[in-house]
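In this note's numbering, the protein residues as written are 24 to 102.
For every residue, glycine included, the Cβ atom is placed at its ideal position computed from N, Cα and C.
Structure record follows, encoded as structure tokens.
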């Protein structure tokens, strides 16, 4: 199953403002998660299979896994 990606416009604005490398890193994480979100993420706190963290390089995001959607709810860039 392929999931659909959802992102709040404000968070999308933050994503667009990232430098090229972290933006690419997050995009790769999100694309991988759309195919198999549990396999391409780690538990965020308690492993409930719903709130997960994706990370690569100096960027991380928190995703919420729904029935057929993945929602990026937090974005962190260490740079």
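| field | Whole-angstrom C-beta distance between residue 93 and residue 50, which should lie under 8 Å | value | Incorrect: roughly 13 Å between the Cβ atoms, too far for contact.
| Coil, strand or helix - residue 76 by DSSP | strand
| Beta-carbon separation (whole angstroms), residue 38 vs residue 91, contact threshold 8 Å | Going by Cβ atoms, the distance from residue 38 to residue 91 rounds to 22 Å, so no, they are not a contact pair.
| request: State the DSSP-derived secondary structure class of residue 51, mapped to helix, strand or coil. | output: helix
| Considering only the beta carbon of each residue, do residue 100 and residue 75 sit closer than 8 Å? | no
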